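**Q**
Numbering (the numbering used here), first residue to last: 1 to 306.
Below, the structure is given as structure tokens:
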């Protein structure tokens with residue numbers, strides 16, 4: 001991860017930054033945070049250049065609405081959303097066929113090789129690729145947008161990031177704890193569990209695990225509403241932003257690589273990151289993220305990563 005994907009991530013961040021040059025007021029969601037993971041997913045899945053970023057974003061948002069709210073599609077046109085998800089599935093089926101005819105060295109080619117060896121069925125491959133398009137872009141976009149929002153709102157924290165890039169990782173961890181891109185997940189209990197209230201949940205019961213609430217538990221994180229960059233010293237619990245244990249998000253290292261690289265490179269080129277009044281959130285209770293984040297940005301066109 002840290003060797004093969006660093007260059008594609010840096011290239012994606014550079015392209016997004018160059019697109020912001022000369023604009024004093026920008027939307028850091030559409031113009032920056034959403035662009036980077038889409039470019040990385042394009043690289044991993046070898047998506048052709050004639051498939052525009054707007055199309056990939058539309059596919060990702062639609063499938064995110066489907067998988068993030070099982071049983072219903074909130075605040076969207078259900079038929080239109082499912083039709084867009086069907087378009088994504090149809091594209092990926094044809095794309096897999098095309099890659100079989102002309103294989104390459106992208107991640108998708110490795111997955112297709114597994115299919116040929118009988119390790120994964122074709123429809124399971126398509127389903128996993130659909131999840132990669134959404135999980136690889138929406139959650140990363142949400143996390144990066146949240147980090148940028150906090151940095152814009154807190155000049156002292158922005159100064160720390162600019163002066164000491166080594167602290168970016170702790171900033172991402174703390175902002176991710178306060179604003180996790182995935183708010184909850186569902187599990188089925190394998191054995192009875194007794195809660196602190198004395199109530200017992202039976203084996204086989206379905207439960208909702210509130211990741212966002214766990215990340216603000218004052219017993220685990222003293223002063224939970226504050227961003228404390230030294231929590232790693234003496235931390236009694238780890239945030240569950242990316243899950244935990246056997247269910248930890250396997251894309252977490254890539255998400256962190258993208259977000260940390262984006263913040264470091266932005267800080268190296270932007271003298272100012274000032275918030276503007278307009279700010280809007282997506283209407284997705286689980287994949288929580290900003291739909292718009294306007295900021296004033298003084299970007300040095302000749303700057304580079306530190």
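C-beta atoms are modelled at their ideal positions from N, C-alpha and C, and glycine is treated no differently. It should be emphasised that the depicted structure is a prediction, and the values quoted were computed from it without experimental measurement.
#1: Suppose you measure from the CA of residue 77 to the CA of residue 116; what does that come to, to the nearest Å?
#2: Three or more C-beta pairs under 8 Å: does that hold for the region 203-213 against the region 222-231?
#3: With a threshold of 16 other CB atoms inside 10 Å of the CB of residue 294, please say whether the residue is buried or exposed.
#4: I'd like the span of the beta strand (DSSP E) that includes residue 295, first residue to last.
#5: Which of the three DSSP states is assigned to residue 12 in this structure?
#6: Under a Cβ-count criterion, where at least 16 other Cβ atoms within 10 Å of its own Cβ denotes burial, should residue 39 be classed as buried or exposed?
#7: Thinking just about the alpha-carbon of each residue, which of 10, 275, 185 is nearest to the one in residue 240?
#8: Please list the segments of the alpha helix (DSSP H) lying wholly inside the region 119-167, counting only runs of 4 or more residues, in order along the chain.
#9: Anyone know if the C-beta pair for residue 274 and residue 159 falls short of 8 Å?
#10: Please work out which residues of its chain come closer than 7 Å, Cβ to Cβ, to residue 37, disregarding the five sequence neighbours upstream and downstream, and give them in chain order.
#11: So if DSSP puts residue 186 in a beta bridge, which residue, or which two residues, is it bridged to?
#12: How should residue 283 be labelled, buried or exposed, when 16 other C-beta atoms within 10 angstroms of its C-beta is the threshold for buried?
#13: Quick one: is residue 194 buried, meaning 16 or more other Cβ sit within 10 Å of its Cβ, or exposed?
#14: Tell me which residues share the same chain as residue 129 and place their Cβ nearer than 6 Å to its Cβ, disregarding the 5 neighbours each side in the sequence.
#15: Exposed or buried, which one is residue 179 when buried takes at least 16 other CB atoms within 10 Å?
**A** Here's the rundown:
#1: Walking along the chain shown from the start, residue 77 turns up at place 77. Walking along the chain shown from the start, residue 116 turns up at place 116. Between residue 77 and residue 116, the C-alpha separation is close to 38 Å.
#2: no
#3: Along the chain shown, read from residue 1 onward, the residue named residue 294 stands at position 294. Answer is buried; the Cβ neighbour count reaches 16.
#4: Translated into the one-based positions of the chain shown, residue 295 becomes position 295. Counting along the chain, the beta strand (DSSP E) containing residue 295 begins and ends at 290-299.
#5: Stepping through the chain shown from its first residue, residue 12 is reached at position 12. Here residue 12 sits in helix by DSSP.
#6: Reading the chain shown from its first residue, position 39 is the one you call residue 39. Residue 39 should be labelled buried.
#7: Position 240 of the chain shown holds residue 240. Cα-wise, what sits closest to residue 240 is 185.
#8: 122-135, 138-153, 155-163
#9: Walking along the chain shown from the start, residue 274 turns up at place 274. Walking along the chain shown from the start, residue 159 turns up at place 159. For residue 274 and residue 159, no; Cβs fall outside 8 Å.
#10: Translated into the one-based positions of the chain shown, residue 37 becomes position 37. So the qualifying residues of the chain are 136, 137, 140, 141, 258.
#11: Here the question's residue 186 lines up with position 186 in the chain shown. Answer is 208.
#12: By one-based count along the chain shown, residue 283 stands at place 283. Flag for residue 283 reads exposed.
#13: Translated into positions along the chain shown, residue 194 becomes position 194. So residue 194 counts as exposed.
#14: Counting from one through the chain shown, the residue named residue 129 turns up at place 129. Same-chain partners within the cutoff: 92.
#15: Walking along the chain shown from the start, residue 179 turns up at place 179. That one is buried.
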